[in-house]
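The listed protein sequences correspond, in order, to chains A and B.
Okay, so the first sequence: first residue is 1 according to this note's numbering, each after it adds one.
Okay, so the second sequence: first residue is 380 according to this note's numbering, each after it adds one.
Just so it is clear, CB atoms sit at the ideal spot from N, CA and C, and this is done for glycine as well.
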Amino acid sequence: MEFLVEGLKMLTWQQLVMYGIGVLLIWLAIKKEYEPALLLPMGFGAILVNLPASGVLNQILPGVGEAQGIIQWLFEIGIEASEAMPVLLFIGIGAMIDFGPLLSNPKMFLFGAGAQFGIFAAILLAVVLGFDLNDAASIGIIGAADGPTSILVSQILNSNYIGAIAVAAYSYMALVPVIQPFAIRLVTTKKERMIRMDYNPASVSKTARIVFPIAVTAVVGLVAPSSVALVGFLMFGNLIRECGVLTTMSETAQTTLANLITLLLGITISFSMQADKFVTINTLMIMLIGVFAFVADTIGGVLLAKFINLFSKKKINPMVGAAGISAFPMSSRVVQKMAMQEDPGNVILMHAAGANVSGQIASVIAGGLVINLVTSFLG
Amino acid sequence: MNNIMAALDIMWKGMGGIFVTVLIIMLIVYVMGKIGKK
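Structural data, given as structure tokens:
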């Protein structure tokens, strides 16, 4: 009857820690509703992959040979081979985004750019802490505040820490309502947070809405070729939305496709949450660098707004700069809430929404540039 | 030290690249807006 306890005898303390982490992620997903679509599958997957000799991973069975495990297969096909899952998810994300607030107020593009500062600050910090350049860049991309971008970049750069990076990226996206207000208050005064902004949007023609995704794909693809998969599929989804003749397809992309891929992506990523790779001091450092990246993103966007205010007659509420991170729509709502707390009746949501969607584009540009620049150093 | 210099280089080139790309896109949006008004 010894075969019944063989699994128990193979259990390591690191695997027990991973069960705890899995349960924590599930709890955060259900009780706190932190990105449940990702954290719940990741949490459950973390338990699955850390059961001794788990059948969801490839195993060598005596007398039979190799038996393929489903989660390992999903990872090899869906992520390792061509980053298919995060890229396909971007079709759904692109179909969900309305670039109208940005197209009618293009100045907000600048804050999407400024709020990517945290990526590069985090790369620098990771390097100082001793990570190799490819791992540091993969960790830094947590600051893109975009799960698919983080997974894609860390996979292309062959990082050893995809699991920790994915957990950090999705967890901190859910924690934007905690992280951003703290960071914003560090670098702004109450008076600055009370600045009111007029909203006089330019009208946006249907032609502009259709030309925009095509133009962005071309421009970004020429500047950062490694980002073509991400930006191309993001803009493809948006084009499906805006063309006006593919309503059913747009709805499918926003709902069925996005949900299906999200469901599989979460559980697939758990492949990289195996205890021997995850329960290390480096994982803890990655979590800390990830927080730093989000804080630096926020500060970067806010400081850019304050810089622009030095030369601008019409003052910008610097909190709008913080909304330039890619965590859409969470960040713009956080900024609006803070504005109302300081000055009830101060509505800056549409400005913040413009900055927020520009962050989606800027984060993809950042991902592509990081891949290009890092590979040129490593080559 | 090499990696730190590389990270600093990546920082200025990365941020510069993002801003240049965003400015090009802003220009395209501005031109589209002008064409749309005509």
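- prompt: Where does A:I60 fall in DSSP's three states?
  reply: strand
- prompt: Is the segment 273-287 of chain A in contact with the segment 391-402 of chain B, if contact means three or more CB pairs nearer than 8 Å?
  reply: Verdict: no, contact absent.
Buried or exposed (CB count within 10 angstroms, at least 16 for buried), A:I286: A buried status is given to A:I286, since no fewer than 16 other beta-carbon atoms sit within 10 Å of its beta-carbon.
query: Hey, quick one: how far does the alpha helix (DSSP H) through A:E342 stretch, first residue to last?
result: 330-342
query: What residues match up with A:A67 in a beta bridge as DSSP calls it?
result: A:Q59
message: Strictly under 8 Å for the Cβ-Cβ distance: is A:G112 near chain B by that measure?
response: yes
- prompt: Helix, strand or coil: which one does DSSP assign to B:N381?
  reply: helix
message: Pop quiz: A:F233 and A:G94 are said to be a contact at Cβ under 8 Å. What is the actual Cβ separation, rounded to whole angstroms?
response: A Cβ-Cβ separation of about 7 Å places A:F233 in contact with A:G94 under the 8 Å criterion.
- prompt: Do A:G367 and A:F278 have their C-beta atoms closer together than 8 Å?
  reply: no
field: Alpha carbon of A:A37 to alpha carbon of A:S138, nearest angstrom
entry: 23 Å
- request: Check whether the Cβ atoms of A:I179 and A:F294 sit closer than 8 Å, and answer yes or no.
  value: yes
- prompt: Terminal residues of the continuous alpha helix (DSSP H) containing A:R209?
  reply: 206-223
- prompt: Under a three-way DSSP split, which group does A:K190 fall into?
  reply: helix
- prompt: Are the Cβ atoms of A:A122 and A:G143 separated by less than 8 Å?
  reply: Going by C-beta atoms, A:A122 is nearer than 8 Å to A:G143.
Inter-stretch contact (C-beta, 8 Å, three-pair minimum) for the segment 309-326 of chain A and the segment 186-193 of chain A: yes
A:G8 to A:E2 span [Cα, whole Å]: The residue asked about is misnamed: residue 8 of chain A is Leu in this sequence, not Gly. Using only the alpha carbons, I get a separation of about 10 Å.
- request: If I'm right that A:L57 touches A:V49 with Cβ under 8 Å, what's the distance once you round it to whole angstroms?
  value: A:L57 to A:V49, Cβ: 6 Å. Contact.
7 Å Cβ shell around A:N346 - same chain, five flanking residues per side excluded: M194, R196, A339, M340
- request: Look at A:D135 and A:Y170 and say whether their C-beta atoms are less than 8 Å apart.
  value: No, the pair does not count as a contact, with Cβ atoms beyond the cut-off.
Other residues of its chain near A:L74: CB distance less than 6 Å, five sequence neighbours each side excluded: T268
query: So with Cβ pairs under 8 Å, would you call B:K392 a contact of chain A?
result: yes
message: So, with DSSP's three-state summary, where would you put A:T12?
response: coil
message: I believe A:A113 touches A:A362 by the beta-carbon criterion, under 8 Å. Please report the beta-carbon distance rounded to the nearest angstrom.
response: The pair is a contact, with the Cβ atoms about 5 Å apart (cut-off 8 Å).
- prompt: Just reading off the alpha helix (DSSP H) that A:D276 is part of, what are its end residues?
  reply: 275-278
- prompt: Is the segment 87-106 of chain A close to the segment 246-255 of chain A, with three or more CB pairs under 8 Å?
  reply: yes
- request: Give me the Cα-Cα distance between A:N259 and A:I60, rounded to the nearest whole angstrom.
  value: 33 Å
Cutoff 6 Å; reference A:S104; Cβ partners in own chain excluding five residues on either side: So the list reads P201, A202, V204, once near-sequence residues are dropped.
field: Outcome for A:G379 when other beta-carbon atoms lying within 10 angstroms are tallied against a minimum of 16
entry: exposed
message: Looking at chain B, is there any beta carbon in it that lies within less than 8 Å of the beta carbon of A:L133?
response: yes
- request: Measure how close the beta-carbons of A:V220 and A:V364 come, nearest whole angstrom, since I'm counting them as under 8 Å.
  value: Contact holds; Cβ gap of about 7 Å.
- request: With 8 Å as the threshold, decide whether the Cβ of A:T262 is near any Cβ in chain B.
  value: no
message: With a threshold of 6 Å on Cβ separation, who are the neighbours of A:G290 within its own chain once the five nearest residues in sequence on each side are excluded?
response: I142, A168, Y172
- prompt: Whose C-alpha, out of A:P62, A:V335, A:M42, is nearest the C-alpha of A:I71?
  reply: A:M42
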